[in-house]
Amino acid sequence: MEHYIGALIRWVLAPVVLIIAAIGLYWLFRAIGWSKRQAMGLAIVSPWIIGFVVFTAYPLLQSLYLSFTESNIFGGSKWVGLKNFNRLFTADIEFWSSVRITLLYALLSTPVGVIGALLIAMLLNNRIRGIGTYRTIYFLPAVLPEVAVALLWRWMFNSESGIINFVLSPLFKLTGSGVPDWFGDPDYVLPAFIIMSVWGIFGTNTVVFLAGLQGVPRSLYEAAEIDGATAFRKFIHVTVPQISPVILLQVIMGMIGALQVFTIAMFVRPTTGAGKFMNQLVYERGFAQLKMGEASAVAWVLFVIILLLTLLILRSSPLWVHYESEVKR
Amino acid sequence: MLMLVFVMLASVFLAACGSSNSNGVNQNSGNSSGTNTSSGSSGSSVSSGSKVTIRLATWAGENEAKELQQILDELNAKSDIYEIVQDSNPAEYDTRLITQLSGNSGPDLFWVSAQRAAQFAAEGIMLDITDQLNASGHDAAKVDDYYDGSLMPFSRDGRIYGLPWLQQPVMLYVNKSLFDEAGVEYPDGTWTWADFMDAANRLTIDDSGHHPGDPGFNADAIKQWGFTLNGWPPSQMFIWQNGGEVILEDFSESPIDTPEAVEALKFYAELINSPVTPSQQVIRDRGFDQMFRNKQVAMFMGGAADDLDSTVENVQAFMVPAGNGGIKATFADVLGMAINKKTKEPDAAFAALLDLTDAIHHWKIMPPRKSLSDLASLQELHPKKAHSLEAIIASMEFAKPYRYFDNYPEWDNVYWTQLMDPIVNGGADPEGLIPNVKRLLDETLK
Chain E
745 MEHYIGALIR
755 WVLAPVVLII
765 AAIGLYWLFR
775 AIGWSKRQAM
785 GLAIVSPWII
795 GFVVFTAYPL
805 LQSLYLSFTE
815 SNIFGGSKWV
825 GLKNFNRLFT
835 ADIEFWSSVR
845 ITLLYALLST
855 PVGVIGALLI
865 AMLLNNRIRG
875 IGTYRTIYFL
885 PAVLPEVAVA
895 LLWRWMFNSE
905 SGIINFVLSP
915 LFKLTGSGVP
925 DWFGDPDYVL
935 PAFIIMSVWG
945 IFGTNTVVFL
955 AGLQGVPRSL
965 YEAAEIDGAT
975 AFRKFIHVTV
985 PQISPVILLQ
995 VIMGMIGALQ
1005 VFTIAMFVRP
1015 TTGAGKFMNQ
1025 LVYERGFAQL
1035 KMGEASAVAW
1045 VLFVIILLLT
1055 LLILRSSPLW
1065 VHYESEVKR
Chain X
11 MLMLVFVMLA
21 SVFLAACGSS
31 NSNGVNQNSG
41 NSSGTNTSSG
51 SSGSSVSSGS
61 KVTIRLATWA
71 GENEAKELQQ
81 ILDELNAKSD
91 IYEIVQDSNP
101 AEYDTRLITQ
111 LSGNSGPDLF
121 WVSAQRAAQF
131 AAEGIMLDIT
141 DQLNASGHDA
151 AKVDDYYDGS
161 LMPFSRDGRI
171 YGLPWLQQPV
181 MLYVNKSLFD
191 EAGVEYPDGT
201 WTWADFMDAA
211 NRLTIDDSGH
221 HPGDPGFNAD
231 AIKQWGFTLN
241 GWPPSQMFIW
251 QNGGEVILED
261 FSESPIDTPE
271 AVEALKFYAE
281 LINSPVTPSQ
291 QVIRDRGFDQ
301 MFRNKQVAMF
311 MGGAADDLDS
321 TVENVQAFMV
331 PAGNGGIKAT
341 FADVLGMAIN
351 KKTKEPDAAF
361 AALLDLTDAI
371 HHWKIMPPRK
381 SLSDLASLQE
391 LHPKKAHSLE
401 AIIASMEFAK
411 PYRYFDNYPE
421 WDNVYWTQLM
431 DPIVNGGADP
441 EGLIPNVKRL
451 LDETLK
């Protein structure tokens, strides 16, 4: 009982301290001449700001610092400059194969996820009886834990009794190739992961697209119909431009998610011949080898890759994203 | 201002509603109530009586934790020094423990694997108990009584940082029914690789009853295999059996290019590619040990504590075969317990360590102490494994763990990803890989 009381006291104490800090900040801002409104606003969001600084900003900067050091998790870091990065880029046995499979996976699985989710959302956007039930059913995969999903996929990829090889078997017979060993043959690991990424189509992605589709004004479709547009043309010239901001969001979020794939890869554990995903590398270097410096360096390279790809997509967006409020220049 | 306070109070209320205890399973049953505190920092504290609370972290799962709690209840009742509180959580045990230890909120006592023990000893995480062991008259403190290999992971520069509570040698599990059907004699202490291969061959049968090498043998229609391997059992064991080494005693080199090591790795690769073992794809599809349980495989190498001989009918554990030169060696998984260097109660923790280590020695197979390796008393303790115990005890003499060191995980990563994975999954020829892998392994030793 005693240690529950201890925990309870800590749980109560933390918010009390935050309140005192917020009140202190309020008086501080008032003292330096801020308006009541400004000081109140900042004081109210201050718990979040403190949380952000302590639990996000500080660890972020600390990991950047660690990437320039030789350090393990038990402390004792030594500044080594660019040595970790230098080693990764020139001498590491796993780094480049890891970058390769992570990038390829992101580039190939993102379109599958976005296009698939859009198509499902269009199906669910129909006004038919029981559509609510269908929408619920299509959301169900999203509430399953990732490890359970990985287990399910492993079963489906089983080359003797799995459904995937059963479905693909005519293709194997046609090409005369043997039944693939999905997780044992390095050539099949990436395709296997892309097939597994289909799972990401369902759930949140579909819901976001569905919301986007429901925001498309009916009048546009009616105008297109009067002009004699086919269903396909309506999709290309009305639906896609209208929901292009949603597509942009989905592409960016999907790609970031794909670059950070971890749980399913750790659970399925395919042959290392195809390379490990970058987040696996971060985990192994940090927690198996206790080399936090190297782990941080890999994490920061991953961060830079995500940043560059996101910028690339954002910069290309004026070419294909349509905003209604946009003024053509 | 009033509004600010109101908003804050509301958020306190919501935060309290949403809070939950994230400390994992806390197995505090039995008579330990009223004396436990796990107040974050280094664990221990003096309870209302004069006993000291010792927090013990383990990876025990639900059933194991229940059995352990019974032991702890007995120890706690007997002791007037400590009260051990169990904190068991098998999920991500290592990551959790490392985070706690690095954040100064570690337990007083913790279970530790041999590999982690070597790392922790190098990092100065575990308490040096050498002098206390020498001064103690406790049965579990007699260092000479332990099998040599079992103390290795806990020793560094002549000092001891923890005690092993289990040493589990790799055994050869044999399905005697399949041996009888094939008319093959059971393994005995004289088995070498040649005898093993001969038996594996005769135990491998295709649809029409042919063995590998017979005219008409169909490798695509095998219904029973002699043996199975997938990177496990470890190739290091075969190198030892052939008189080779993977890491020298002074950690200066990984001599995997010696003729002994090369020959052993080639033997391993031959086994992988031979029809006497199923393909990796089949193993993945049907399950590694599951195939042995289903009588699709006649021989399986597993740890001495495995339940294959107690849950599968007519299965018995034998010594693994010796190398062709007669050298006996087997890999031993060693597990132990150590004291957090930052504990506030080192003396009580040491007393708890000795008592609990001794109690686990009387609980699990196989205790790493020579004085406890008595066949009759072990058979009484473990009736389900009685028929295998003679071979297990005999194996303890030549069982040893890997030569762990602080950078071992990186060494192991190179060994697996650059050498074993290509051999096991890619069908690669070890000879082509060895020169480059040796160079990479040597680099990790620097």
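Residue numbers (the numbering used here), protein chains in the order written: chain E, 745 to 1073; chain X, 11 to 456.
For glycine and all other residues, C-beta sits at the position ideal for the given N, C-alpha and C.
In this text, all values refer to a predicted model and were calculated from it rather than measured experimentally.
Hey, would you say residue i sits closer than 9 Å to residue j, going by beta carbons?
i, j, result
"F818(E)", "L111(X)", "yes"
"M181(X)", "P411(X)", "no"
"T800(E)", "T427(X)", "no"
"L85(X)", "A362(X)", "yes"
"L82(X)", "I94(X)", "yes"
"S165(X)", "A131(X)", "yes"
"G699(E)", "G944(E)", "Absent from the structure is residue 699(E), since the part of chain E shown begins at 745 and ends at 1073."
"A765(E)", "I794(E)", "yes"
"S398(X)", "Q300(X)", "no"
"I402(X)", "L1034(E)", "no"
"W203(X)", "A308(X)", "no"
"L992(E)", "L1058(E)", "yes"
"V1012(E)", "A894(E)", "yes"
In terms of residue numbering, what span does the alpha helix (DSSP H) encompassing residue i cover?
i, result
"W840(E)", "839–868"
"I935(E)", "In the sequence under discussion, the amino acid at residue 935(E) is Pro, which differs from the Ile named in the question. 930–941 is the extent of the alpha helix (DSSP H) around P935(E)."
"Q958(E)", "948–958"
"F248(X)", "245–251"
"G442(X)", "440–455"
"L496(X)", "In the structure as shown, chain X starts at 11 and stops at 456, and residue 496(X) therefore has no counterpart that could be examined."
"W426(X)", "It is not in any alpha helix (DSSP H) - W426(X) carries neither H nor E in the DSSP assignment."
"A386(X)", "385–391"
"A1039(E)", "1036–1064"
"R977(E)", "975–978"
Among all the DSSP beta bridges, which residues are the ones paired with residue i?
i, result
"I94(X)", "I64(X)"
"Q177(X)", "V344(X)"
"I170(X)", "S165(X)"
"V325(X)", "N185(X)"
"F120(X)", "A67(X), A348(X)"
"R303(X)", "DSSP lists no partner for R303(X)."
"K410(X)", "F341(X)"
"I215(X)", "Q234(X)"
"A332(X)", "T202(X)"
"Y156(X)", "R379(X)"
"M997(E)", "M997(E) pairs with nothing; no bridge assigned."
"M136(X)", "N350(X)"
For residue i and residue j, what's the separation of their Cα atoms in angstroms?
i, j, result
"I266(X)", "P803(E)", "42 Å"
"S821(E)", "P244(X)", "34 Å"
"R303(X)", "S913(E)", "29 Å"
"L1046(E)", "V1026(E)", "10 Å"
"Q96(X)", "L957(E)", "54 Å"
"I970(E)", "L1053(E)", "41 Å"
"T47(X)", "V62(X)", "Annotation note: pLDDT 35 at T47(X) (below 50); position unreliable, coordinate value reported separately. Going by the C-alpha atoms only, they are around 10 Å apart."
"L366(X)", "A783(E)", "59 Å"
"A968(E)", "F979(E)", "10 Å"
"L450(X)", "G113(X)", "33 Å"
"D155(X)", "L239(X)", "34 Å"
"G857(E)", "S941(E)", "7 Å"
"E102(X)", "E195(X)", "43 Å"
"Y418(X)", "F953(E)", "49 Å"
"K394(X)", "L318(X)", "10 Å"
"I257(X)", "L455(X)", "9 Å"
"M406(X)", "M1022(E)", "41 Å"
"I767(E)", "S790(E)", "10 Å"
"Y809(E)", "P445(X)", "37 Å"
"G442(X)", "W69(X)", "40 Å"
"A369(X)", "S218(X)", "53 Å"
Since residue i is in the beta strand (DSSP E), which residue starts that stretch and which ends it?
i, result
"Q234(X)", "232–234"
"M900(E)", "Taken as a continuous stretch (DSSP letters only), M900(E) belongs to no beta strand (DSSP E), being part of the alpha helix (DSSP H) at 890–900."
"G313(X)", "309–313"
Is any non-hydrogen atom of the ligand COA found closer than 8 Å to the C-beta of residue i, if you look at the structure I gave you?
i, result
"M1022(E)", "Inclusion of the ligand COA in the displayed structure is not the case, the ligand content being empty and no account of it being possible."
- What are the uninterrupted segments assigned as beta strand (DSSP E) that are 3 or more residues long and contained completely in the segment 781–836 of chain E, given in chain order? 813–816, 819–823
- Task: Quick one: which unbroken alpha helix (DSSP H) runs of 4-plus residues sit fully inside the segment 1000–1032 of chain E? Chain order, please.
- Result: 1007–1012, 1022–1027
- Query: At what residue ranges does the segment 264–298 of chain X contain a whole run of the alpha helix (DSSP H), taking only runs of 4 or more?
  - Reply: 269–283, 290–296
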